[in-house]
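First comes the structure, then the notes that go with it.
Protein chains: 2
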Amino acid sequence: MDTPRPKQDDADRTVAELGEFAVIGRAVAGRTQPATTLLGPGDDAAVVRAPDGRVAVSADMLVEGRHFRLDWSTPEQVGRKAVAQNGADIAAMGARPTAFLVSLGCPPDTPVAVAAGISEGIGLAAEAIGAGVVGGDLVQSDRVVVSVTVLGDLEGRAPVLRSGARAGDVVAVAGRLGRSAAGLALLSAGLTGADRASDESVAALLDAHRVPTPPYRAGVEAATAGARAMTDISDGLVADLGHIADASNVRIRLDRSRIGLDPALAAVAERVGADPWEWILAGGEDHALAATFASDADLPDGWAVIGDVVPGDDETAEGSAVLVDGRDWTASGGWQSFDAG
Amino acid sequence: MDTPRPKQDDADRTVAELGEFAVIGRAVAGRTQPATTLLGPGDDAAVVRAPDGRVAVSADMLVEGRHFRLDWSTPEQVGRKAVAQNGADIAAMGARPTAFLVSLGCPPDTPVAVAAGISEGIGLAAEAIGAGVVGGDLVQSDRVVVSVTVLGDLEGRAPVLRSGARAGDVVAVAGRLGRSAAGLALLSAGLTGADRASDESVAALLDAHRVPTPPYRAGVEAATAGARAMTDISDGLVADLGHIADASNVRIRLDRSRIGLDPALAAVAERVGADPWEWILAGGEDHALAATFASDADLPDGWAVIGDVVPGDDETAEGSAVLVDGRDWTASGGWQSFDAG
Chain A
1 MDTPRPKQDD
11 ADRTVAELGE
21 FAVIGRAVAG
31 RTQPATTLLG
41 PGDDAAVVRA
51 PDGRVAVSAD
61 MLVEGRHFRL
71 DWSTPEQVGR
81 KAVAQNGADI
91 AAMGARPTAF
101 LVSLGCPPDT
111 PVAVAAGISE
121 GIGLAAEAIG
131 AGVVGGDLVQ
141 SDRVVVSVTV
151 LGDLEGRAPV
161 LRSGARAGDV
171 VAVAGRLGRS
181 AAGLALLSAG
191 LTGADRASDE
201 SVAALLDAHR
211 VPTPPYRAGV
221 EAATAGARAM
231 TDISDGLVAD
241 LGHIADASNV
251 RIRLDRSRIG
261 LDPALAAVAE
271 RVGADPWEWI
281 LAGGEDHALA
291 ATFASDADLP
301 DGWAVIGDVV
311 PGDDETAEGS
321 AVLVDGRDWT
331 ASGGWQSFDA
341 G
Chain B
1 MDTPRPKQDD
11 ADRTVAELGE
21 FAVIGRAVAG
31 RTQPATTLLG
41 PGDDAAVVRA
51 PDGRVAVSAD
61 MLVEGRHFRL
71 DWSTPEQVGR
81 KAVAQNGADI
91 AAMGARPTAF
101 LVSLGCPPDT
111 PVAVAAGISE
121 GIGLAAEAIG
131 AGVVGGDLVQ
141 SDRVVVSVTV
151 LGDLEGRAPV
161 LRSGARAGDV
171 VAVAGRLGRS
181 AAGLALLSAG
191 LTGADRASDE
201 SVAALLDAHR
211 VPTPPYRAGV
221 EAATAGARAM
231 TDISDGLVAD
241 LGHIADASNV
251 RIRLDRSRIG
261 LDPALAAVAE
271 RVGADPWEWI
281 LAGGEDHALA
291 ATFASDADLP
301 DGWAVIGDVV
311 PGDDETAEGS
321 AVLVDGRDWT
331 ASGGWQSFDA
341 G
């Protein structure tokens, strides 16, 4: 029934033409597994080492057009972003990512290169942090959906929860703030970086949006240094510290002079007519880490104090759970998972 | 700007109106966690016990219109099916499911009752097998997407792989075959069961499609009894045994007289003009288990011999890796993940 077709490189074919098992085979081929992977992909389930008898585990889903755009990011960047987003959740517990599982939904006419590129990005980013990609699924969906689960090793440490902050603690961050939101604003303004290779500050912000780089080591080091509460910044600094404040029944006071305003960020904000503090305080997806420490703790390298913790009923902090320079932060307030109904 | 609306029950509202955190809060409320859940939902990651220092892990994605239809199944049934599909992968390793993570994508106008119903089905089905629901995500997508990851405890046993079958083994199944495919055929023929409560055989087959019931305990018992290879039947008996044959470099011979034809299945097949053997041999999603055992092994309760294993180069078994009554099985050959390109 079919006439013979010229032989094509697989990457030019669609996932429906190549088929589930072949696409998965391509994605899995050539990936090395760390020692924590006792049994990799290919059976009904994988088996991963959990040396201290516990496993930290988290899951996130990224949807095309909602969490990424394939005209703004390469498939590999999408894969790397998925690893960063999930890996940061493990780092925020003070754990080390050991294994990722990836379920990929895509339309049948998706080029194999897209599915393979996402898998490649996930594989390379996982490998770079010493984790394996041990399993997943490939199914048909209307749009590209990347659903990732990450396992982590607490290495004998207690997990650092959101609920451990105490009045008197200092609030500190590791990693950079506002850069993913700045990159998103640039992309939304039509600056995709293609014709701006010479403008390093723009290119760096675009990269920051396309592939966030969580400070994985800082999470483990914070746990070792006795961090009392920790979270990754996915919804925005104020929103995510709000989760710590709520879970710990405290209030948090941030000091913008301690956060500081990166001149490159300020310059780009001026160019696109934006408020850089909106990016820094409410921009999500940098996947920096925020933690509280006892006021006399020695903070590990890479952590900078930006505020302090006061009692939940502190009179100097009426209003919101998180104050910026003594006041409510009244801007957009962080990422919303759904469009307004 | 908004005029006040009459207060509604949350279930009548949409997920966008209620918001991500409230929907997740509803889904999590009232669920009990087993002792294996050291830290449940609500932080950046969960922490699950992995008593023997290893964790079995698997992931599957279910897409509306592809893996389920909300006019054919209730949201709770969809949730239960997602647990069965994933839990069976853990059972097929000889492990016990301990924890599920669920990432749910849905359109903003999805009724809260749909999201809550899926979560409820997942929670109840997990609870029934002693597992927790420890985390996940809720995001906006074009259609309902349910992405599940399951963790399992090998309880000190070696995982039972697909690659362990040896010539001379017997092939056995636990659980029933062809019933999910029969239920799907009935639904496709317009028999949704609504006006057929009196016809028990039809109702049972519809149930088998809507909520498969994997023989979890049979997986653990097979591992204890020394099963050499095992898989769950998700793509179809012949297709999934083909995976064992390929991984083990053997051939498998099935004997229909040993599989047997359930008279109820035969009667329903006749009614809709179908071949019941197509359902039994090529129908997926029953999530029964298939395994091979040494020929002198004592099979645990619930396992029935349906064939044997011969060498990969056996002359009596030329052609396919899996023969039925000595011949190639030339029917549809199992579930395809993508529509033909």
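Taken in sequence, the protein lines are chains A and B. Numbered by full-length UniProt numbering, the letters in the first sequence go through residues 1 to 341 in order. Numbered by full-length UniProt numbering, the letters in the second sequence go through residues 1 to 341 in order. Virtual Cβ for every residue (Gly too), placed ideally from N, Cα, C. None of the values given here were measured: they were computed from a predicted structure.
### Query
For Ala222 (chain B), which of B:Thr14, B:Val305 and B:Val322 has the nearest alpha-carbon?
B:Val305
### Task
Give the single residue among B:Leu101, B:Gly121, B:Pro263 and B:Val83 whose Cα lies nearest to the Cα of Val48 (chain B).
B:Leu101
### Task
Compare the C-beta of Thr192 (chain B) with all C-beta atoms of chain A and state if any pair is closer than 8 Å.
So, not an interface residue.
### Task
Jot down the residue ranges of each uninterrupted alpha helix (DSSP H) in the stretch 276 to 312 of chain A, minimum 4 residues, whole runs only, in chain order.
DSSP runs (the alpha helix (DSSP H)) wholly in the stretch 276 to 312 of chain A: 276 to 282.
### Query
Roughly how many whole angstroms lie between the Cα atoms of Ala292 (chain A) and Pro214 (chain A)?
Here the sequence assigns Thr to residue 292 (chain A), which means Ala is not the residue at that position. Cα-Cα distance, rounded: 18 Å.
### Query
Should Ala22 (chain A) and Gly175 (chain A) be called a contact, given that it needs their Cβ atoms to be closer than 8 Å?
no
### Query
With a CB to CB cut of under 6 Å and the five nearest residues on each side skipped, what residues in its chain are close to Ser198 (chain A)?
Here the model assigns Ser198 (chain A) a pLDDT of 47, short of 50, so the residue's position is not dependable, and the following value carries that caveat. The answer is none, since no qualifying residue turns up.
### Task
At 8 Å on the CB atoms, spell out the chain B contacts of Gly152 (chain A), in chain order.
Ala45
### Message
Counting only beta-carbon separations shorter than 8 Å, does Ile90 (chain B) have a partner in chain A?
### Response
yes
### Residue(s) in a DSSP beta bridge with Gln140 (chain B)
B:Cys106
### Message
I need the straight-line Cα distance from residue 342 (chain B) to Ala297 (chain A), nearest angstrom please.
### Response
The structure shown does not extend to residue 342 (chain B), since chain B is modelled only from 1 to 341, so the question has no answer here.
### Query
Using the beta-carbon of each residue, which ones in chain A are nearer than 7 Å to Ala50 (chain B)?
Ala50, Gly53, Arg54 and Val55
### Task
State yes or no: is the beta carbon of Ser213 (chain B) nearer than 8 Å to at least one beta carbon in chain A?
Just to set this straight, residue 213 (chain B) is Thr in the shown sequence, not Ser. Not an interface residue.
### Query
So with Cβ pairs under 8 Å, would you call Phe338 (chain A) a contact of chain B?
yes
### Message
Let me see if you follow: with CB-CB separation under 8 Å, is Asp2 (chain A) close to chain B or not?
### Response
Any reading at Asp2 (chain A) must be qualified, since the residue scores a pLDDT of 41, below 50, and its modelled position is unreliable; the value itself is stated next. By this cut-off, Asp2 (chain A) is not an interface position.
### Query
Can you list, in chain order, the residues of its chain whose CB lies under 6 Å from that of Ala125 (chain A), leaving out five sequence neighbours each side?
Arg80 and Val83
### Query
If the cut is a Cβ gap below 8 Å, which residues of chain A does Gly135 (chain B) touch?
Val57, Ser58 and Ala59
### Message
Closer than 8 Å is the cut-off here; do at least three beta carbon pairs connect the stretch 140 to 149 of chain A with the stretch 260 to 280 of chain A?
### Response
Contact between the stretch 140 to 149 of chain A and the stretch 260 to 280 of chain A is absent, because fewer than three Cβ pairs lie under 8 Å.
### Query
Under 8 Å between the Cβ atoms of Arg162 (chain A) and Ala218 (chain A)?
Here Arg162 (chain A) is not near Ala218 (chain A), since their CB atoms are 8 Å or more apart.
### Message
So the candidates are B:Arg271, B:Ser103, B:Leu151 and B:Leu323; which of them puts its Cα closest to the Cα of Leu241 (chain B)?
### Response
B:Leu323
### Task
Decide if Asp89 (chain A) is buried, meaning its Cβ has at least 16 other Cβ atoms within 10 Å, or exposed.
buried
### Query
Can you give, in chain order, each stretch of the beta strand (DSSP E) that sits fully within the UniProt domain "PurM-like N-terminal" (42 to 152) of chain A and has at least 3 residues?
46 to 49, 54 to 63, 96 to 106 and 132 to 140, all fully within the UniProt domain "PurM-like N-terminal" (42 to 152) of chain A.
### Start-to-end residues for the alpha helix (DSSP H) that takes in Leu184 (chain B)
Arg179 to Ser188
### Task
For the alpha helix (DSSP H) containing Asp240 (chain B), list its first residue and its last residue.
Run containing Asp240 (chain B): Leu237 to Ser248, per the alpha helix (DSSP H) assignment.
### Query
Going along chain B in order, which residues have a C-beta closer than 7 Å to the C-beta of Gly105 (chain A)?
Per Cβ cutoff of 7 Å: Met61, Val63 and Val145.
#### Entry: Sub-8 Å separation of Leu177 (chain A) and Leu205 (chain A) beta-carbons
Between Leu177 (chain A) and Leu205 (chain A), the CB-CB gap reaches or exceeds 8 Å.
### C-alpha gap between Leu39 (chain A) and Asp286 (chain A), whole angstroms
32 Å
### Query
If you measure from the beta carbon of Thr37 (chain A) to each beta carbon in chain B, is any gap under 8 Å?
no
### Task
Determine the burial state of Glu76 (chain B): buried for a count of at least 16 other Cβ atoms within 10 Å of its Cβ, exposed for fewer.
buried
### Task
With distances taken Cα to Cα, identify the nearest neighbour of Gly234 (chain A) among A:Asp71, A:Asp10 and A:Ala91.
The amino acid occupying residue 234 (chain A) in the given sequence is Ser; Gly does not appear at that position. If we check each option's Cα against that of Ser234 (chain A), A:Ala91 comes out closest.
### Query
The beta strand (DSSP E) with Leu206 (chain A) in it runs from where to where?
Careful: Leu206 (chain A) lies outside any beta strand (DSSP E), inside the alpha helix (DSSP H) at Glu200 to Arg210.
### Query
Using a Cβ-Cβ cut-off of 8 Å (strictly less than) and excluding sequence neighbours within five positions of Gly65 (chain A), which residues of its own chain qualify?
Arg143
### Query
Looking at C-alpha atoms only, which residue of B:Ser147, B:Asp71 and B:Gln33 is the closest neighbour of Val134 (chain B)?
B:Gln33
### Task
Would you check whether the ligand ADP has a heavy atom nearer than 7 Å to the C-beta of Ala247 (chain A)?
For the structure depicted, the ligand ADP is absent and the ligand set is empty, with no information on it obtainable.
### Whole-angstrom distance between Val78 (chain A) and Val202 (chain B), CA atom to CA atom
Val202 (chain B) and Val78 (chain A) have their C-alpha atoms some 46 Å from each other.
### Task
Tell me whether the beta-carbon of Asp137 (chain B) lies closer than 8 Å to the beta-carbon of Asp60 (chain A).
Between Asp137 (chain B) and Asp60 (chain A), the CB-CB gap stays under 8 Å.
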